[in-house]
Amino acid sequence: MIDPLAELSTEQSDPRYGQIDRLSTEQVARLMNAADATVPTAVATAIPAISAAVDAIVTRMRSGGRLFYVGAGTSGRLAVLDASECPPTFGTDPELVQGIIAGGVPALTRSVEGAEDDDAAGARAIADRQVGALDSVVGVSASGRAPFVLGALKEATHRDALTVALSCNAGAPLSAAALHPLEVIVGPEVVTGSTRLKAGTAQKLVLNMISTIAMVRLGRTYGNTMIEVSAANSKLADRATRMVGDITGVDLSVARPALEAAGWHVKVAVLMIERGLDPDDARILLREHGDRLESALASEEAQGA
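In terms of the numbering used here, the sequence shown opens at residue 7 and continues consecutively.
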């Protein structure tokens, strides 16, 4: 019987880690740290491909498209994690960036037997969300061959969606199924086959790039500030207040009342302070400039306010 996983680099056993069960805690920690330090270099080699994929995703999102991540096991959990961070960080609608994991919600906390191997379920997940030509689907699989993810990418292709494949093995079947293959080769794991380690770290770094750069390109930051942050708790309210103060140069005692009047919308509060506008006029100005603060601040209407 031929094992299709046996030749994958992520499944190999590295002799450097063959006796970790006999080492001290600090020795194992240093080995893991050294292994982890190789991951950013592996990601760096894929940056041209990552950049091209992000640009293609942004083009579709600007036309109203959504972004879907699809994965199984660790890859699926990372997919859901990155997607779930977009609303609080960038103020997006939860529908804009979505994570899909094989086995559904139960698989977030425990293994769901057989879920990864169900290619038909992957296809259904895409069909159920009515993925279309403006949408983008990023398949995430360390091995690059998870049937659930392959099924999802094939269905996405059938629906003319943009497809991206993120894997940690060269020549992965996932790569052949996508318009934009991203292969981050991290090699064997400290614990053989445990791709939640280096492979998982690499996947999270790439997903960070995809979501963050896409949101920057879509104008959901101002400089490096989270201009769309949702003030859902006291920590975030304080952060939003500091943001308004930093951008406008006013004291926090001025920034906070402006934010409150703006319904805790940072961009509206900034325009109110910088241009002497009331909340409604500030919102109108933002809409006229595609919700981009930099453009609204530089406009003739704002300068003349």
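Glycine residues also receive a C-beta, built at the ideal position from the N, C-alpha and C atoms.
Model, not experiment: these values are computed from the prediction.
- Its chain contains 220 and 223 as the residues whose beta carbon lies nearer than 6 Å to that of residue 64, once the 5 sequence neighbours on both sides are disregarded; these appear in chain order.
- For the pair residue 46 and residue 147, the Cα-to-Cα distance works out to about 18 Å.
- Counting only unbroken stretches of 4 or more residues, the alpha helix (DSSP H) elements lying wholly within the region 156–224 are 179–182 and 204–223, in sequence order.
- With respect to the 8 Å criterion, residue 84 and residue 213 are classified as neighbours on the basis of their beta carbons.
- In the three-state scheme derived from DSSP, where H, G and I count as helix and E and B as strand, residue 272 is classed as helix.
- Within its own chain, the residues whose Cβ lies closer than 8 Å to the Cβ of residue 94, once the five positions on either side in sequence are excluded, are 235, 236, 238 and 242, listed in chain order.
- With a 10 Å radius around the Cβ and a threshold of 16 neighbouring Cβ atoms, residue 263 comes out exposed.
- Pairing residue 287 with residue 218, the inter-Cα distance amounts to about 30 Å.
- Inter-residue distance for residue 273 and residue 101 is about 22 Å (C-alpha atoms, whole angstroms).
- By alpha-carbon distance to residue 285, the top candidate from 69, 200 and 267 is 267.
- Nearest in C-alpha terms to residue 108, of all of 293, 158 and 250, is 158.
- In this structure, residue 192 lies near residue 208, with their beta-carbon atoms less than 8 Å apart.
- Looking only at 175, 17, 299 and 168, the smallest Cα-Cα distance to residue 230 is reached by 299.
- By the C-beta density criterion, residue 39 is exposed, having fewer than 16 other C-beta atoms within 10 angstroms.
- Separation of residue 251 and residue 216 (C-alpha to C-alpha, rounded to the nearest whole angstrom) is 29 Å.
- Rounded to whole angstroms, the gap between the alpha carbons of residue 181 and residue 232 is 33 Å.
- Beta-bridge pairing by DSSP links residue 73 to 103 and 142.
- In this structure, the beta-carbon distance from residue 225 to residue 297 falls below 8 Å.
- Taking C-alpha positions only, residue 153 is separated from residue 173 by approximately 13 Å.
- Per DSSP, reduced to three states, the secondary structure at residue 147 is coil, with no helix or strand assignment.
- For residue 300, the enclosing alpha helix (DSSP H) has its first and last residue at 299–304.
- Residue pairing by DSSP places residue 228 opposite 231 in a beta bridge.
- When the alpha-carbon of residue 112 is set against those of 78, 23 and 244, the nearest one is in 78.
- Beta-bridge analysis with DSSP links residue 19 to 195.
- Under the criterion of beta carbons closer than 8 Å, residue 59 and residue 186 qualify as touching, at roughly 4 Å.
- For the region 36–90, the continuous alpha helix (DSSP H) assignments of 4+ residues that do not extend past its boundaries occur at 45–51, 53–68 and 79–90, in sequence order.
- At least 8 Å separates the beta-carbon of residue 247 from that of residue 280.
- Taking every protein chain shown into account, the CB of residue 29 has fewer than 16 other CB atoms within 10 angstroms, so this residue is exposed.
- For the pair residue 294 and residue 22, the Cα-to-Cα distance works out to about 60 Å.
- No residue range can be given for residue 115, since it is assigned to no alpha helix (DSSP H) and is classified by DSSP as neither H nor E.
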